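Residue numbers (the numbering used here): 77 to 386. Only one structure is covered here, and it is reproduced in the block below.
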């Protein structure tokens with residue numbers, strides 16, 4: 077009888093903790109503050125990382141869709157919340173898989189198989205979640221610190237999700253991030269024909285909430301920007317970010333600085349098995365161009381003088 081009683085007690089505790097891990101449960105915030113919410117682990121991966129690079133061809137004109145009254149509020153102010161399942165008016169393709177259903181997650185991403193409220197960005201790849209993440213981090217819009225909105229259109233087929241001036245956990249608004257995700261059927265001229273995903277950024281000021289090791293919005297687990305198939309293998313990254321500043325070390329580093337994202341635009345095809353990532357053209361400093369033009373003029377003068385002499 078004693079063994080049966082112990083089993084019942086353990087079962088009740090398990091159910092209680094499991095229920096408490098739902099962001100909408102009354103015990104969730106208490107468990108999170110105590111570090112008792114289990115976070116999924118990143119799959120160990122030793123292969124090459126596919127980088128997503130800024131699309132310089134659209135950098136100057138941009139494609140940032142401004143927030144207006146045509147957008148719908150995705151969620152009330154929350155921490156780690158998500159929408160109900162939503163339906164696209166078109167088919168979106170991610171790693172050769174078609175989707176028409178999706179979830180907007182408060183923590184800077186859109187998922188397709190199920191809602192995703194994990195607040196600590198463990199990095200890609202991760203199993204079980206097909207995801208497009210313009211900025212996966214611990215977004216907290218409580219206290220009036222930002223909001224999340226979306227709009228779907230046809231002709232062209234487009235979903236736009238805007239995280240507008242959002243703060244970070246735990247109800248912090250001294251720094252704000254504004255960014256957006258655009259997904260299409262690949263036929264939207266706004267982000268370029270053949271592209272079906274775009275990330276666009278305005279001011280980016282923080283990376284990490286305190287439940288993920290952050291202090292004053294930085295450090296700890298680096299925010300993750302990219303796409304994930306959900307099979308533990310296929311993914312692509314813009315990068316991971318956990319510090320202030322504007323330096324970008326590289327796609328393999330977790331120490332990139334979030335200010336580098338400010339005003340950046342990325343557009344690419346996420347449908348193919350190996351995403352075709354636009355490569356930025358090589359940039360030659362203006363001073364170098366002046367040097368090259370000067371050399372060319374000198375050579376032209378020498379050739380003309382040489383012909384006159386002979």
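Quick reminder that beta carbons are idealized off the backbone N, C-alpha and C, glycines included. All values derive from a computational prediction rather than experimental measurement.
Out of curiosity, what's the CA-to-CA distance linking residue i and residue j?
i           : j           : result
residue 344 : residue 149 : 27 Å
residue 292 : residue 286 : 8 Å
residue 234 : residue 255 : 16 Å
residue 219 : residue 184 : 18 Å
residue 362 : residue 251 : Low confidence applies to residue 362: its pLDDT is 36, below 50, so where it sits in the model is not reliable, and the reading given next is rough at best. For residue 362 and residue 251, the distance between alpha carbons rounds to 34 Å.
residue 421 : residue 228 : Shown here, the chain extends from 77 to 386; a query on residue 421 therefore has no answer.
residue 225 : residue 147 : 6 Å
residue 289 : residue 297 : 6 Å
residue 123 : residue 312 : 12 Å
residue 173 : residue 207 : 12 Å
residue 201 : residue 170 : 14 Å
residue 113 : residue 265 : 42 Å
residue 267 : residue 140 : 10 Å
residue 204 : residue 308 : 8 Å
residue 134 : residue 258 : Caution is warranted here: a pLDDT of 49 is assigned to residue 134, below 50, making its placement in the model unreliable, and no coordinate value can be reported.
residue 300 : residue 315 : 6 Å
residue 217 : residue 154 : 5 Å
residue 209 : residue 306 : 13 Å
residue 121 : residue 198 : 12 Å
residue 242 : residue 215 : 7 Å
residue 355 : residue 330 : For residue 355, the predicted structure reports a pLDDT of 40, less than 50, and the residue's modelled location is therefore unreliable. A value from the coordinates is still provided. Their backbone Cα atoms lie some 22 Å apart in a straight line.
residue 168 : residue 117 : 27 Å
Just verifying my parser: in three-state terms, what is the DSSP assignment at residue i?
i           : result
residue 340 : coil
residue 115 : coil
residue 345 : strand
residue 125 : coil
residue 97  : coil
residue 220 : helix
residue 160 : coil
residue 302 : strand
residue 142 : coil
residue 108 : helix
residue 237 : strand
residue 309 : coil
residue 334 : helix
residue 249 : strand
residue 361 : Residue placement at residue 361 is poorly supported in this model, since its pLDDT is 38, which falls under 50; the coordinates still yield a value, given next. Residue state, collapsed to three classes: coil.
residue 317 : strand
residue 242 : strand
residue 229 : strand
residue 133 : In this predicted model, residue 133 has a pLDDT of only 48, less than 50, meaning its place in the structure is not dependable; the value taken from the coordinates is given anyway. In this structure, residue 133 counts as helix in the three-state DSSP scheme.
residue 324 : coil
residue 355 : Residue placement at residue 355 cannot be trusted, given a pLDDT of 40 that sits under 50; what the coordinates show is reported in the next sentence. Residue 355 falls in the coil class under three-state DSSP.
Hey, is residue i close to the ligand PLP, as in C-beta under 7 Å from one of its heavy atoms?
i           : result
residue 222 : Although the ligand PLP was asked about, the structure shown includes no ligands whatsoever.
Would you please state the rounded distance, in angstroms, between the beta carbons of residue i and residue j? I believe it to be under 8 Å.
i           : j           : result
residue 270 : residue 128 : Between residue 128 and residue 270 the Cβ distance is about 15 Å, and since that is not below 8 Å, they are no contact.
residue 125 : residue 328 : 6 Å
residue 115 : residue 230 : So it is not a contact: roughly 37 Å between Cβ atoms.
residue 247 : residue 221 : 7 Å
When the cut-off is 8 Å and only beta carbons count, does residue i lie next to chain C?
i           : result
residue 173 : Any reference to chain C falls outside this structure, which holds one protein chain only.
Taking one C-beta from the segment 305-324 and one from the segment 266-283 each time, how about it: are there three or more such pairs within less than 8 Å? Segments in contact, yes.
Does the contact criterion of 3 or more C-beta pairs under 8 Å hold for the segment 148-162 versus the segment 179-192? Cβ pair count under 8 Å is three or more, so yes.
Taking contact to mean 3 or more Cβ pairs, one atom from each stretch, closer than 8 Å, check whether the segment 333-350 and the segment 230-246 are in contact. The answer is no - the segment 230-246 does not touch the segment 333-350, with fewer than three Cβ pairs under 8 Å.
Enumerated in chain order, which unbroken segments of the beta strand (DSSP E) with a length of 3 residues or greater are wholly contained in the segment 253-292? Taking only runs of at least 3 residues, the beta strand (DSSP E) segments lying wholly in the segment 253-292 are 273-280.
Ranges of the beta strand (DSSP E) found wholly within the segment 143-217, counting only runs of at least 3: Taking 3 residues as the minimum length, the beta strand (DSSP E) runs contained wholly in the segment 143-217 are 162-170, 173-181, 185-187 and 207-212, in order along the chain.
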